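Trainee: Residue numbers (this note's numbering), protein chains in the order written: chain A, 1 to 436; chain W, 1001 to 1436.
Glycine included, every Cβ here is placed at the ideal spot set by N, Cα and C.
Everything numeric in this text was worked out from a predicted model, so none of it was measured.
Here it is: the structure, laid out below.
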C-alpha cells in the first residue's frame, strides 16, 4: 500500500522532532500502522536553512497555504503555534479534506469548538495527543481508556517549566526569581516565560482535559488562572513542615452545581505519588467512579516526547481514517450532539481547603480573635502552626490549614483577619487539595 | 440507533462489576459510544441465584454455548477464567462472528496467537485491556499511545497481591508467611494464592505486554518465572539500608541478542516513582526511545477497576467495529504479517545486576577471597555492606551489590563462593534493576 502523505506546518523543535522520529523508527512504525507515513512537503519561514537541513527529504515551501491545499496530502501536522494564522490554516486544511494532527493547546482551548465542528462537517479527524502533557498518552486514556467511568476530577502537573522551578525552590530554598533564572539558563524556561509561570499554558491543557472528561465544550475563557510568580520560599518550607508539597496544578472537578476549572499553586500531601513528581516531569491523576485514581507520568515537553505523541496520532489516523466517520472516537470523547452545558463555576464558588500564613503581634488573645472569625464563617481548622518569635522580635508567623469551605467565605475571613490591629501582614492564601 | 448487544460468560466478581458499571453509568457511556450497550444474555452455573440478583435485567442460561452462538449477540464478554473451556468458547464465539472482550490473561498468554489468528480470519476484534493491570489503560497506551517509539523495556508491578505482601513485609518487618495470611484475611490474596505468589499471574501479563511492545507472538512458555515465597524479611531490610526497595517486577527488554521476559523479586532504587507504589496498587513503566520513561498507575484488580477496562473495551468495539478490518488497531500493535521471530533469551543469558547476601566467618581474608572470585569472572562490585558481628558471634552477614553481568556468570561465582570454607551459608541472590 502507498504511504500516507503528510504535510508539515513549521519546522521548529517539534517539527524536527517529528522528522527525526519518523525517520529513525520508520520500519517499526510501518509495521504498526500497516502503511508507511511520509512527510512530503514542509512550510517554513526560512526555506534555505530547512532545505539544507532536510537534504532533499521533502519539498520545502514558504507558503503554508501550499501545504494545506496540496491535493496529494492526506494529513496536515501543525507545529507553528499561536492562534490566528494557525486557526485559518487548520480550517483551510479541514475544508480541503485533510486530517489534522496538532500539538497546539492554545489553539484548541480557544478555538477548539469551531475546529471540531468544521472537522465533523468535512468528515476528517483532528488528533491532538501532543497538546496535553507531551508524550504521555493522557488524551487517549481519558477519551478511550476510561470511557466506562463517570469521571469525578482530574489534577495534573501539566507544565514542566513551573514544576522544575518549584522543585528547585524546594530543594535549594531558592526564591522564585532565582529559580526562574536557573530554569532559563538550563533551557527549561523561555526568554519570555509568561505563558508558563502565569499558569496560562497549564490552563489551556486543563481546559481541554475538562471538556473530554465531562462532555462539555472547551471554554478557556471560564478557567481561573493563577501562576507561581508570587509564591514565597517560606511557604514551600512551611508546607514541607506540615507534610505537604506545593505544586502548580491544573484541576477540574464535577460538583453538584457545575464544573470547577482552575490552575493555581496547590498544597498536596507529600505522600501522594504525584507530590513526588520532580523537575520538568508531568503527571496527571484522574479519578473515575469505577477505576478509582489512575496516574499517568512522563515528559511533558521537548522535541522527542512531543514528537512521540504527534507520530502516535499519525499512526492513529492512518489506522482509523477509513472508518465510518460516525463511528470514530469523538474529538471530545462524547458524541458532538451529546455535549452538556453544565456551567463552569466562578472561583468564588469553588470549594476547597486552604493554607493561610500571617504575621501577628506576639501577644495574648490574637489567636482567639482569628479562630473566632473563622468559626463565625463556619470554617474549621485542620491544623495550626505557630512559630516561636525570633529573639528580640515581638511578632511571629501563624500558619493555618482549614477544612473545606467556599472560596468566598475564606476571602471574607481574610478581609476580617487583615483588619485586626494585631495582624501585621496581608494573609498569604494557598489552596490545598487532598487528592483522594 | 439500537443498542449493541452483549452476551456475558460468567457472573463472578468481574461479571457483576461489568453489570453494575454499565447500569450506573449507562447515560454517559451511551453519550461516549454513540449507542447503548446492553447485556441481553448471561451464562452462569447457578442460574437461580443469578436470576434473583439480576431481577429480570437479562436472560440467564446455564449453557455458555447458548451465549456464544446467540444470533442476536454482537459482542461476547468472557469472565469465566481458565484455559480450556474458555478457549473453546472464545473460538466458537469468533467463528460465529462475535467480537470478544476478555479479562483473561492466562488464556491470551497461552492461546493468544491462535485466538488472534481466528479473530482475523473472521474479521472480529478481540479486546483485552482488563487482562493487564486492571483498570489502568496500559494496553491502549502500548498499542496506540506509544506507536512512535522503539520500545526498549517495560517493568511493572502487575500483581497487587504480591505488592501488598511486600509492602506489609517492609512496613511491619513481617515474614512472608505472616504477610500472606494477613493478605488472605483482608481479601487481597486467594485461598490458593499460588498463581499470584509464584509469579505466574505477573508472567501472563508481562508476556502479553512483551508481545505488544516488541512485535512478537505471545510465548508464555519462554518466560522466566520466580515468585516471592522465598524472600526473607532480612533482605528487604538490608535493601532498604542500601536505598533500595524489593518489588516483584514483570520485566521485558529488547537487547541485541533477543528479548528478555522475566518475573522475579527485584531491587530498585527507592527514589524511583515506581518504588513508592505500595499496597495492592499496580504500576507499569515503559521506556521508549522518543518519549523516554512513562509510568501508568492505578488499581490492578477488583470488581470495578476490572469492569472499567472491560466496559472501555465495549465502547471501543462499539465505536470502531464498523471500520475496515484491515485498518483496525492490530491485536498485538503490529500488523499480524509483520511480527518478528526475535528469540526470547533463556535466563542464563540475561544481563542485570545482583544483590548477594551471605554469612561468613568473621576472620581475615574472607572478603579478599570473595572479591577475587567475582573479579576473576569480570563482575564489578557496586557497593558492599559488611555487618558487625553480633556480640559473642564469630560470623557476620556480607551484602554485595554487583554491576551488570550475565546471569550465568553470577551463578558460577555463587557456586565458587559457596564452596569456600569460610562461607557459612548459601548465597541469597536477588536481581537488581536501575530502571533508568
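Give the C-beta separation of residue 1077 of chain W and residue 1146 of chain W to the nearest angstrom, bearing in mind that I take them to be a contact with Cβ-Cβ under 8 Å.
Mentor: Not a contact, Cβ separation roughly 27 Å.
Trainee: Would you verify that the beta carbon of residue 1299 of chain W is, or is not, closer than 8 Å to some beta carbon of chain A?
Mentor: Interface residue, yes.
Trainee: Can you tell me which residues form a DSSP beta bridge with residue 353 of chain A?
Mentor: Paired residues: A:432.
Trainee: Return no unless some Cβ of chain W is closer than 8 Å to the Cβ of residue 335 of chain A.
Mentor: Chain W contact via Cβ: present.
Trainee: Answer yes if the region 1353-1367 of chain W comes into contact with the region 1379-1394 of chain W, meaning at least three C-beta pairs across the two stretches below 8 Å, and no otherwise.
Mentor: Touching, per the Cβ criterion.
Trainee: Of all the CB atoms in chain A, is at least one closer than 8 Å to the CB of residue 1135 of chain W?
Mentor: Yes, residue 1135 of chain W lies at the interface with chain A (some Cβ there is under 8 Å from its Cβ).
Trainee: Assuming the contact rule is C-beta atoms closer than 8 Å, residue 1166 of chain W and residue 1248 of chain W should be a hit. Round their C-beta distance to whole Å, please.
Mentor: The pair is a contact, with the Cβ atoms about 7 Å apart (cut-off 8 Å).
Trainee: Hey, does residue 244 of chain A have any beta-carbon neighbour from chain W nearer than 8 Å?
Mentor: With 8 Å as the cut-off, residue 244 of chain A does not count as an interface residue toward chain W.
Trainee: Could I get the ranges of all uninterrupted alpha helix (DSSP H) runs contained in the region 59-100 of chain A, with 4 residues as the minimum, in chain order?
Mentor: Within the region 59-100 of chain A, the complete alpha helix (DSSP H) runs of at least 4 residues are 64-68 and 84-95.
Trainee: Could you tell me which chain A residues have their CB closer than 8 Å to the CB of residue 1324 of chain W, listed as they occur along the chain?
Mentor: Neighbours of residue 1324 of chain W on chain A, chain order: 322 and 323.
Trainee: Is residue 1078 of chain W close to chain A? Criterion is C-beta to C-beta, closer than 8 Å.
Mentor: No, residue 1078 of chain W lies away from the interface with chain A (no Cβ there is under 8 Å from its Cβ).
Trainee: Can you list, in chain order, the residues of the region 135-150 of chain A whose Cβ is nearer than 7 Å to any Cβ on chain W?
Mentor: Per Cβ criterion, the list reads 135, 136, 137, 140, 141, 144, 145, 146, 147, 148, 149 and 150.
Trainee: Given a cut-off of 8 Å on the beta-carbon distance, is the pair residue 1369 of chain W and residue 1405 of chain W in contact?
Mentor: Not in contact: residue 1369 of chain W and residue 1405 of chain W (Cβ atoms no closer than 8 Å).
Trainee: Just the C-alpha distance for residue 104 of chain A and residue 206 of chain A, rounded to the nearest angstrom, thanks.
Mentor: The alpha-carbon atoms of residue 104 of chain A and residue 206 of chain A are separated by roughly 13 Å.
Trainee: Under a Cβ-count criterion, where at least 16 other Cβ atoms within 10 Å of its own Cβ denotes burial, should residue 185 of chain A be classed as buried or exposed?
Mentor: It is exposed - the Cβ of residue 185 of chain A has fewer than 16 other Cβ atoms within 10 Å.
Trainee: I'd like to know whether the C-beta of residue 1252 of chain W is nearer than 8 Å to at least one C-beta of chain A.
Mentor: No - not a single Cβ of chain A is within 8 Å of the one on residue 1252 of chain W.
Trainee: Do the region 136-143 of chain A and the region 289-305 of chain A meet, that is, are 3 or more Cβ pairs less than 8 Å apart?
Mentor: Cβ pair count under 8 Å is three or more, so yes.
Trainee: Which of helix, strand or coil does DSSP assign to residue 1147 of chain W?
Mentor: DSSP places residue 1147 of chain W in coil when its eight states are reduced to three.
Trainee: Per DSSP, what kind of secondary structure is residue 1175 of chain W in: helix, strand or coil?
Mentor: Here residue 1175 of chain W sits in coil by DSSP.
Trainee: Note down the Cα distance separating residue 381 of chain A from residue 1233 of chain W, rounded to an integer number of angstroms.
Mentor: Their backbone Cα atoms lie some 41 Å apart in a straight line.
Trainee: Is there at least one Cβ from chain W nearer than 8 Å to residue 193 of chain A's Cβ?
Mentor: Taking Cβ atoms only, chain W never reaches closer than 8 Å to residue 193 of chain A, which makes this a no.
Trainee: Who pairs with residue 264 of chain A in a beta bridge, going by DSSP?
Mentor: According to DSSP, residue 264 of chain A bridges with A:249.
Trainee: So which residues on chain A does residue 1276 of chain W lean against when the C-beta distance must stay under 7 Å?
Mentor: Chain A residues near residue 1276 of chain W: 273 and 276.
Trainee: With a floor of 3 residues, list each beta strand (DSSP E) that falls wholly inside the region 1255-1328 of chain W, ordered by position along the chain.
Mentor: Listed in chain order, they are 1258-1269, 1281-1288 and 1292-1299.
Trainee: Hey, does residue 29 of chain A have any beta-carbon neighbour from chain W nearer than 8 Å?
Mentor: So, interface residue.
Trainee: In three-state DSSP terms, what is residue 383 of chain A?
Mentor: Residue 383 of chain A falls in the strand class under three-state DSSP.
Trainee: If you compare alpha carbons, which of A:7, A:14, A:220 and A:288 is closest to residue 308 of chain A?
Mentor: The residue with the shortest Cα to Cα distance from residue 308 of chain A is A:14.
Trainee: Alpha carbon to alpha carbon, how far is residue 154 of chain A from residue 263 of chain A? Give it in angstroms, no decimals.
Mentor: Their backbone Cα atoms lie some 12 Å apart in a straight line.
Trainee: In chain W, which residues lie with their C-beta within 7 Å of the C-beta of residue 329 of chain A?
Mentor: Going along chain W in sequence order, the residues near residue 329 of chain A (Cβ under 7 Å) are 1319.
Trainee: Assign residue 1117 of chain W to one of three DSSP states: helix, strand, or coil.
Mentor: Helix.
Trainee: Shortest alpha-carbon distance to residue 1035 of chain W belongs to which of A:337, A:20, A:171 and A:430?
Mentor: Among A:337, A:20, A:171 and A:430, the Cα nearest to that of residue 1035 of chain W is on A:337.
Trainee: Using a Cβ-Cβ cut-off of 8 Å, state whether residue 1186 of chain W counts as contacting chain A.
Mentor: Closer than 8 Å: no.
Trainee: Is the shortest distance between the beta-carbon of residue 1166 of chain W and the beta-carbons of chain A less than 8 Å?
Mentor: No, its Cβ sits nowhere closer than 8 Å to a Cβ of chain A.
Trainee: Let me see if you follow: with CB-CB separation under 8 Å, is residue 269 of chain A close to chain W or not?
Mentor: So, not an interface residue.
Trainee: In chain A, which residues lie less than 9 Å from residue 1171 of chain W when you measure between Cβ atoms?
Mentor: Within chain A, no residue comes near residue 1171 of chain W; the closest Cβ sits about 13 Å away, beyond 9 Å.
Trainee: Along the chain, where does the alpha helix (DSSP H) containing residue 5 of chain A start, and where does it finish?
Mentor: No alpha helix (DSSP H) contains residue 5 of chain A, which is instead part of the beta strand (DSSP E) from 4-9.
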